[in-house]
Amino acid sequence: GPCGPNYHRSTDTFDTLERPAVERTGQAAVDALRYLVTTAEPRETNLTFLPFLSVQRIYATEAENAPR
Numbered sequence: 304g305p306c307g308p309n310y311h312r313s314t315d316t317f318d319t320l321e322r323p324a325v326e327r328t329g330q331a332a333v334d335a336l337r338y339l340v341t342t343a344e345p346r347e348t349n350l351t352f353l354p355f356l357s358v359q360r361i362y363a364t365e366a367e368n369a370p371r
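The sequence shown lines up with residues 304 to 371 when you count with my numbering.
Take a look at the structure:
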């Protein structure tokens, strides 16, 4: 794995992590967020009407639970 041989396995413990790899991964996340924060420009709000999606979900759930 990217941070050690046991990364995301049942044998994954703090002492098996490759600390330099964990640090690089964390630093990459911090750098990406810092880039986004410093280069972001305000945009016009684009509102989306979402109730239709909720209605579709309700009908889909009812159809799944309908007797066959």
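Cβ atoms here follow ideal geometry from the backbone N, Cα and C, with glycine treated the same way.
Would you kindly work out how many angstroms separate the C-alpha atoms of residue i and residue j, rounded to a whole number?
| i | j | result |
| --- | --- | --- |
| P308 | A335 | 26 Å |
| V337 | A369 | Residue identity check: residue 337 is Arg in the sequence provided, not Val. Computed Cα separation, rounded: 50 Å. |
| L339 | F317 | 30 Å |
| T351 | T342 | 25 Å |
| P345 | R312 | 42 Å |
| L320 | N349 | 43 Å |
Would you give the residue range spanned by the alpha helix (DSSP H) that residue i belongs to?
| i | result |
| --- | --- |
| R327 | R322 to T342 |
If you run the structure through DSSP and keep just helix, strand and coil, what is residue i?
| i | result |
| --- | --- |
| T319 | helix |
Would you check whether the ligand SAM has a heavy atom nearer than 7 Å to the C-beta of residue i?
| i | result |
| --- | --- |
| L320 | Because no ligand of any kind appears in the structure shown, any question about the ligand SAM cannot be addressed here. |
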